[in-house]
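Trainee: Chains as they are written, first to last, in the numbering used here: chain A, 362 to 684; chain B, 273 to 767.
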Amino acid sequence: MLENYLYEHGGTWQRIPQWCNGFVALGQTIARRNSDDTRLVVGLAVPTRAYGAAFAAAGYVLARAELPVEQLDCTDHFLRLCNLPPQTPVIYRENDRLLKGTIEGYEQHYGSAYIVVRVNREHAKRKVPAFLATNIQISGKRFAKLPKHQTGRVVLDDIPLLRACKVNLAIRDFCLYPRLDATIIGNKKALLDELNTPLAARTVDDEFCRGTLQDILRLKERVTDGLGYRTSLRSEQGGNVKPDANETPRLVIFDGAAGFLKWRTMWRESDWIVMLDKTETRFEEAVVTLNQEYVSDRLDSSALQFPDMPIAVDMLAYEEKRR
Amino acid sequence: MNLSQAVTLYTLAQRARVQIALVAHAELKSFTLNLRTFERQLGEEGRENYWRPKLRLLKGYRFRLCSTPLPFDEPSQDYKKRFKDLYQELIKCDRIYPQFAEQARNLVRQAQLLTSASGNPILEQIHTLGLPDKSALLIKESRFVDSLEILLSKILELRHLRVVTAPQLRDEEVFDHLVIVGPMRWFPDYVVTAPRGRSLLIVRYGFLGDGWEPRVSFIPQKNRPPRLPIIPPSNEPETEVVNADELVPTIDWDAVAAQMSRQTSSDQEFVDARLFVLEDDKAVFLEVDASELVIDTRSEEVVRRVKVERLEPGLFLIVRERGSGDYIVPLANRLLGEHASPARETQKHWKGELRRAVSIKGMDHVLNGLKWMGARSASPQNIRNWMSRSDRKIRPRYAEDFQAIMRYLDLLDNVEDYWKNARRINKAHHMAGIRMKELLLVEVKKSNLGRLEQRGHQSFAFAEYETHIHAYRIIEMKPSPKHVPLSEVGTLLEL
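#1: State the start and end residues of the unbroken beta strand (DSSP E) segment that holds Cys365 of chain B.
#2: Answer with buried or exposed for Glu688 of chain B, where buried requires no fewer than 16 other C-beta atoms within 10 angstroms of its C-beta.
#3: Nearest chain B C-beta to Gly599 of chain A closer than 8 Å, yes or no?
#4: Taking Cβ-Cβ distances shorter than 9 Å, what residues in chain B pair up with Gly404 of chain A?
#5: Alpha carbon to alpha carbon, how far is Trp525 of chain B from Gly586 of chain B?
#6: Taking the straight line between their C-alpha atoms, what separation do you get for Ser596 of chain B and Gln653 of chain B?
#7: Starting from the C-beta of Leu537 of chain A, find all residues in its chain whose C-beta is less than 6 Å away, skip the five residues before and the five after it, and write them out in chain order.
#8: Does Trp380 of chain A have its Cβ less than 8 Å from a Cβ in chain B?
#9: Mind checking Glu317 of chain B: buried by the 16 CB within 10 Å criterion, or exposed?
#10: For the candidate residues B:Ala612, B:Val464, B:Glu564 and B:Pro347, whose alpha-carbon lies nearest to that of Arg287 of chain B?
#11: Does the beta-carbon of Val407 of chain A have 16 or more other beta-carbons within 10 angstroms, so that it is buried, or is it exposed?
#12: Does the beta carbon of Tyr744 of chain B come closer than 8 Å to any beta carbon on chain A?
#13: Short of 7 Å Cβ to Cβ, which residues in the stretch 407 to 420 of chain A face chain B?
#14: Per the DSSP calculation, Ile499 of chain A is bridged to which residue(s)?
#15: Quick one: which chain A residues come within Cβ less than 7 Å of Glu573 of chain B?
#16: Please name the residue or residues paired with Ile452 of chain B in a DSSP beta bridge.
#17: Would you mind sorting Arg503 of chain A into buried or exposed? The rule is 16 or more other CB atoms within 10 Å of its CB.
#18: Measuring straight from C-alpha to C-alpha, what distance separates Ser550 of chain B and His742 of chain B?
#19: If you check the beta carbons only, do Arg727 of chain B and Ser506 of chain B fall under 8 Å apart?
#20: Quick one: which chain A residues come within Cβ less than 7 Å of Met273 of chain B?
#21: So that I know if they touch, is there some Cβ in chain A lying closer than 8 Å to that of Thr465 of chain B?
#22: So, does the CB of Asp534 of chain A fall closer than 8 Å to a CB anywhere in chain B?
#23: For Thr360 of chain A and Val516 of chain A, what's the separation of their Cα atoms in angstroms?
#24: Relative to the C-alpha of His438 of chain A, which candidate in A:Asn557, A:Arg533, A:Ile499 and A:Leu367 has its C-alpha closest?
#25: Taking DSSP as the reference, what is the three-state secondary structure of Leu510 of chain A?
#26: Determine, using beta-carbon pairs with one atom in the stretch 478 to 495 of chain B and one in the stretch 439 to 451 of chain B, whether at least three such pairs fall under 8 Å.
#27: Per DSSP, Glu756 of chain B is paired with what?
#28: Just to check my reading of the structure: Ala604 of chain B and Ala676 of chain B have Cβ atoms closer than 8 Å, yes? What is that Cβ distance to the nearest angstrom?
#29: As a quick exercise: from B:Val580, B:Arg334 and B:Asp568, pick the residue whose alpha carbon is nearest that of Gln382 of chain B.
#30: Since Pro668 of chain A contacts Leu387 of chain A with CB under 8 Å, what's their CB separation in whole angstroms?
#31: Within a Cβ cutoff of 8 Å, which residues of the same chain sit near Phe310 of chain B, ignoring the five residues on either side of it in sequence?
#32: Given this structure, state the Cα-to-Cα distance separating Leu580 of chain A from Asp542 of chain A, to the nearest angstrom.
#33: Thinking C-beta only, is Gln360 of chain B closer than 8 Å to Ala293 of chain B?
#34: Give me the Cβ distance between Leu583 of chain B and Met749 of chain B, rounded to the nearest whole Å; I'm assuming they're in contact under 8 Å.
#35: If you scan the stretch 548 to 591 of chain A from start to end, which runs of the beta strand (DSSP E) of 3 or more residues do you find wholly inside it?
#36: Please list, in chain order, the residues of the stretch 280 to 311 of chain B that have any C-beta partner in chain A closer than 7 Å.
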């Protein structure tokens with residue numbers, strides 16, 4: 362999938378190593394597994410936790426990207442917007458631009474209903490008909506105040522680096538439509554550093570493209586409000602790392618023993634990758650815990666097929682009943 | 273860690289090789305075996321107060337010789353004098369333990385002979401290897417780092433060698449050659465399973481049995497990795513072998529507890545606390561429901577507060593010197609300024625009155641009285657907290673509980689002043705905690721965390737606040753809490 366990707370090493374571009382592709386292939390395998398009744402748990406003991414979760418998530422997201430994002434039903438979404446309290450912050454996509462706005466209410470004209478979105482302080486409003494309601498996304502942020510005038514932020518609907526990966530995906534949809542595929546729970550700072558690692562690749566047209574892992578992972582916390590995201594990141598030290606009831610990821614990656622030991626009682630609806638660094642203080646405790654879960658919860662019937670992992674990686678995989 | 277560094281670590285984990293070199297030393301072997309035999313013969317009696325410190329000294333020396341490439345006569349631990357004193361003590365042993373006296377004295381004589389020998393067999397073996405520039409010696413005990421570094425700096429052919437301890441091998445730094453001094457069983461698995469050296473060489477005494485296997489692994493491994501190639505030693509293994517685990521000094525929890533019970537007096541306040549063993553043979557009791565400031569070198573939040581129940585080995589615990597109490601108090605007093613003294617006095621007053629009421633009337637009587645006066649949170653545990661001498665237990669959470677206490681103690685005229693003072697202290701402690709965290713963070717950013725990992729402890733001085741604190745790595749903790757005097761909580765103990 363990312364075999365032709367390059368990373369910077371000593372001032373030159375080198376192919377990303379085989380072990381990175383091993384994690385990508387693992388993510389891909391988990392994404393293509395199809396079972397509503399069972400969930401998959403994969404434990405990995407690695408010589409360093411660095412980049413394992415990031416590449417596994419990349420494989421997972423890219424494999425899932427081949428599946429279309431379930432589009433919101435215009436009428437349902439329109440009704441939901443109509444029921445929002447006035448001043449609810451939203452992002453309104455108008456042609457190729459994103460505008461900040463607030464819901465003003467709804468109006469009827471000649472038998473048709475419209476959602477009214479205010480887009481600046483000068484009372485400029487947009488009346489959006491039901492069939493365009495999906496252009497309005499509820500914003501996760503609260504705007505202190507709307508801009509006096511706004512031309513809006515241009516929607517980037519192309520990611521050059523993605524054109525080089527061997528996946529059949531609609532890049533525009535990937536950029537525009539959100540869907541939470543995976544959540545990573547770990548050391549936030551370390552993971553963000555890894556996601557900013559410069560990568561490059563040549564497209565089929567021999568174009569040399571640069572980017573980062575963030576281009577693939579589309580981390581919710583780093584994506585422009587109103588655009589498509591695919592993953593989210595939670596700090597293992599966070600006070601509240603519970604899943605969001607409205608948006609449960611299909612895959613959770615515990616990037617490190619501490620996050621796994623602390624938060625494993627939650628996230629039981631999702632598949633798991635438990636990435637354990639052999640040098641971590643709580644490595645042994647985490648392995649013992651995972652072994653106990655294996656003994657008590659595994660289903661014997663599964664016949665799982667996995668890609669070859671690097672020699673230095675120990676792996677445990679089992680299925681259990683989805684709760 | 274960047275991707276290039278991660279690539280290096282994966283490459284090492286796949287390609288590193290392990291060699292073993294065995295070293296012989298007849299006198300040390302004899303001392304090791306004789307000490308083991310003597311300990312077995314003592315049996316349960318070895319746990320008695322008479323033998324415990326003696327055995328501890330002998331075993332400590334044996335472990336030092338087997339685990340660290342320092343000369344046998346290296347003077348830093350003053351073993352010569354300690355063994356001389358021990359021998360003197362054992363002269364009277366005939367009257368108490370006639371059956372063990374001669375054997376014990378023989379052992380000490382053997383130890384004395386070793387302390388007079390200038391040999392350093394492990395280092396001599398390392399010397400022959402001709403290790404290149406990027407090489408390091410991994411030793412088990414942080415406290416010998418300084419002595420070993422000084423020794424190496426005096427040897428031209430070895431002065432380039434780095435001295436490291438296992439926690440340092442969690443970082444991205446890698447070595448061409450990593451010499452592991454002692455059996456692998458003494459080190460965490462990751463030294464071999466996630467190696468930081470292109471070539472690992474285990475140098476140990478041949479009379480120590482190792483038989484290393486990883487401590488834990490997944491039950492069914494989808495791809496069981498091949499073990500790193502281990503090249504066996506060229507010389508014949510020795511016949512009589514001591515299990516390496518037997519040599520590692522263990523923590524005598526009972527001894528620490530006994531030390532504690534000697535220091536108690538009848539009017540002391542007791543709390544539930546857990547015992548933590550720290551680097552450099554230190555220990556500390558921490559109250560179970562408290563939280564403590566730690567340095568976590570591997571976390572995104574390097575300095576943070578952690579509940580005692582969540583403290584774990586590897587974290588660096590912040591403590592003050594023995595006898596100087598909580599490090600927050602001087603800072604809080606500084607913040608309180610002129611209010612410090614009167615505020616502390618009023619605290620002492622009402623808490624003292626409450627303690628007096630409990631000691632005269634009994635807990636049940638006070639509990640019912642407080643409830644009657646409207647204390648909605650009154651319970652035996654809360655009353656114990658309210659009347660506590662602990663600097664961390666300042667006041668009840670709710671004003672109505674405080675009012676009830678004041679009413680019960682007939683101090684209602686002062687309720688507003690006392691409540692204001694208690695809140696003032698509370699706020700000052702809170703601010704002092706934040707300030708200490710900030711100060712420590714600044715110091716930690718300035719300091720070399722690799723050095724902290726290597727030595728396992730470090731001191732930090734805050735002259736402005738006349739405060740001197742220490743960070744000690746947590747080695748182990750006693751699983752169950754113990755009832756200990758409040759005055760001993762948070763202060764450093766020598767093991």
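Note that CB positions come from ideal geometry on N, CA and C, so glycine has one too.
Mentor: Answer, in terms of the structure:
#1: For Cys365 of chain B, no beta strand (DSSP E) segment is defined; the enclosing uninterrupted segment is the alpha helix (DSSP H) at Cys365 to Ile368.
#2: Glu688 of chain B comes out exposed.
#3: For Gly599 of chain A, the answer is no, since every Cβ of chain B falls outside 8 Å of its Cβ.
#4: The answer, in chain order, is Phe490.
#5: C-alpha separation (whole angstroms): 20 Å.
#6: Its pLDDT being 49, under 50, Ser596 of chain B is placed unreliably by the model, and the measurement read from it follows with that caveat. For Ser596 of chain B and Gln653 of chain B, the distance between alpha carbons rounds to 27 Å.
#7: Same-chain partners within the cutoff: Gly589.
#8: It does: the Cβ of Trp380 of chain A has a partner Cβ on chain B nearer than 8 Å.
#9: Here Glu317 of chain B is exposed: its Cβ has fewer than 16 other Cβ atoms, across all protein chains shown, within 10 Å.
#10: Out of B:Ala612, B:Val464, B:Glu564 and B:Pro347, B:Val464 has the C-alpha closest to the C-alpha of Arg287 of chain B.
#11: Counting Cβ neighbours within 10 Å, Val407 of chain A comes out buried, since at least 16 surround it.
#12: Contact of Tyr744 of chain B with chain A is not assigned, every C-beta pair being separated by 8 Å or more.
#13: Listed in sequence order: Pro408, Thr409, Ala411 and Tyr412.
#14: The partner list for Ile499 of chain A (beta bridge, DSSP) reads A:Val451.
#15: The answer, in chain order, is Gln598.
#16: B:Leu410 and B:Ile474, per the DSSP bridge assignment.
#17: By the neighbour-count criterion, in which 16 or more other beta carbons inside 10 Å mark a residue as buried, Arg503 of chain A falls on the exposed side.
#18: One detail in the question is off: residue 550 of chain B reads as Leu in this sequence, not Ser. One C-alpha to the other measures close to 11 Å.
#19: Contact annotation: Arg727 of chain B and Ser506 of chain B have beta-carbon atoms that are not nearer than 8 Å.
#20: Those within 7 Å of Met273 of chain B in chain A are Thr409 and Ala411.
#21: For Thr465 of chain B, the answer is yes, since a Cβ of chain A falls inside 8 Å of its Cβ.
#22: Under the Cβ distance rule, Asp534 of chain A does not count among the residues neighbouring chain B, no pair being separated by less than 8 Å.
#23: No answer is possible for residue 360 of chain A: it lies beyond the span of chain A, which begins at 362 and ends at 684.
#24: By alpha-carbon distance to His438 of chain A, the top candidate from A:Asn557, A:Arg533, A:Ile499 and A:Leu367 is A:Ile499.
#25: Here the sequence assigns His to residue 510 of chain A, which means Leu is not the residue at that position. Under the three-state reduction of DSSP, His510 of chain A is assigned to coil, being neither helix nor strand.
#26: Cβ pair count under 8 Å is below three, so no.
#27: Reading off the sequence, residue 756 of chain B comes out as Val, not Glu. Partner(s): B:Val543.
#28: Going by Cβ atoms, the distance from Ala604 of chain B to Ala676 of chain B rounds to 26 Å, so no, they are not a contact pair.
#29: Minimum Cα-Cα distance from Gln382 of chain B among the listed residues B:Val580, B:Arg334 and B:Asp568 corresponds to B:Arg334.
#30: Between Leu387 of chain A and Pro668 of chain A the Cβ distance is about 6 Å, and since that is below 8 Å, they are a contact.
#31: Same-chain partners within the cutoff: Phe372, Gln375, Ala376 and Leu379.
#32: Spanning the two alpha carbons is a distance of roughly 10 Å.
#33: Gln360 of chain B sits away from Ala293 of chain B, with the two beta carbons spaced by 8 Å or more.
#34: The pair is a contact, with the Cβ atoms about 7 Å apart (cut-off 8 Å).
#35: Within the stretch 548 to 591 of chain A, complete beta strand (DSSP E) segments of at least 3 residues are found at 559 to 563 and 569 to 573, given in chain order.
#36: Here the close residues are Leu281, Tyr282, Ala285 and Gln286.
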